[in-house]
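What follows is a single structure, written as structure tokens, with notes after it.
See below:
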């Protein structure tokens with residue numbers, strides 16, 4: 007009888023291994039949509055690009071930038087696909103369709119467009135990759151589009167509405183790619 011119980015338990019364990027589980031948030035999606043934004047300074051200097059890829063449960067945003075001041079900078083997706091110099095105010099506020107508070111450290115946050123800080127080395131280069139859970143390509147590329155903005159100061163990841171991240175020093179408008 008003991009051997010039958012052990013065999014039954016083993017078979018049940020193996021059967022559980024065959025159960026399909028939904029993909030974890032951030033897992034690649036075959037044929038997932040993409041969007042890119044070319045970032046520029048207020049005087050039009052090229053700084054690199056942002057790429058957004060549709061993943062399971064959200065969007066993955068990757069920044070690959072150069073020519074920025076060394077240090078830590080806030081990086082956010084903003085609600086409007088416009089980047090008019092000199093201050094990029096036309097990009098609007100942070101992308102926040104759920105009406106949350108700002109920042110991953112805020113118990114009522116984060117905004118959909120809140121990202122981790124971008125750390126730029128002494129050579130002016132900075133890269134970052136982050137998954138925005140719940141974000142959709144349809145929301146990003148809605149009627150008025152969206153922009154990616156780099157700020158001159160670090161984001162404190164908590165203070166509403168923008169994490170005390172200072173002025174806008176770079177901006178790029180997302181377009182489907």
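Residue numbers (the numbering used here): 7 to 183.
Note that CB positions come from ideal geometry on N, CA and C, so glycine has one too.
Beta carbon of residue 32 nearer than 8 Å to that of residue 137: Looking up residue 32 in the chain shown gives position 26. Looking up residue 137 in the chain shown gives position 131. Yes, these two residues count as a Cβ contact at 8 Å.
Counting only runs that start and end within the segment 86 to 154, where is the alpha helix (DSSP H) found for 4 or more residues in a row? 143 to 146
Measuring only the C-alpha atoms, how far is residue 142 from residue 127? Locating residue 142 in the chain shown gives position 136, where the first residue counts as 1. Locating residue 127 in the chain shown gives position 121, where the first residue counts as 1. Looking at the two C-alpha atoms, the distance is approximately 31 Å.
Give a yes or no on contact between the segment 101 to 119 and the segment 166 to 180, applying the rule of three or more CB pairs nearer than 8 Å. yes
The beta strand (DSSP E) that contains residue 52, what's its start and end? Taking the first residue of the chain shown as position 1, residue 52 is located at position 46. Start and end: 52 to 61.
Look up residue 68 in the DSSP assignment and say whether it is helix, strand or coil. Here the question's residue 68 lines up with position 62 in the chain shown. In this structure, residue 68 counts as strand in the three-state DSSP scheme.
Residue nearest to residue 44 in terms of C-alpha spacing, selected from 37, 35, 34 and 58: Sequence index remark: in the chain shown, residue 44 carries index 38 (1-based). Taking only the C-alpha atoms, the option nearest residue 44 is 58.
Buried or exposed by the 16-neighbour rule on C-beta atoms within 10 Å, applied to residue 50: In the chain shown, the residue the question calls residue 50 occupies position 44. Classification of residue 50: exposed, given that the 10 Å Cβ count is below 16.
Given that a residue counts as buried once 16 or more other Cβ atoms are within 10 Å of its Cβ, and exposed if not, what is residue 183? Position 177 of the chain shown holds residue 183. Residue 183 should be labelled exposed.
Can you tell me whether residue 177 is buried or exposed? The criterion is at least 16 other CB atoms within 10 Å of its CB, across all chains shown. Counting from one through the chain shown, the residue named residue 177 turns up at place 171. Buried.
Are residue 80 and residue 123 closer than 8 Å when you measure CB to CB? If you number the chain shown from 1, residue 80 lands on position 74. If you number the chain shown from 1, residue 123 lands on position 117. Taking 8 Å as the Cβ cut-off, residue 80 and residue 123 qualify as a contacting pair.
Work out the CA separation of residue 34 and residue 153 for me, nearest whole Å. The residue you call residue 153 lines up with position 147 of the chain shown. The residue you call residue 34 lines up with position 28 of the chain shown. Between residue 153 and residue 34, the C-alpha separation is close to 23 Å.
Contact defined as beta carbons within less than 8 Å: I believe residue 47 pairs with residue 175. What is the distance between those atoms, to the nearest angstrom? Sequence index remark: in the chain shown, residue 47 carries index 41 (1-based). Sequence index remark: in the chain shown, residue 175 carries index 169 (1-based). About 7 Å; that satisfies the 8 Å criterion.
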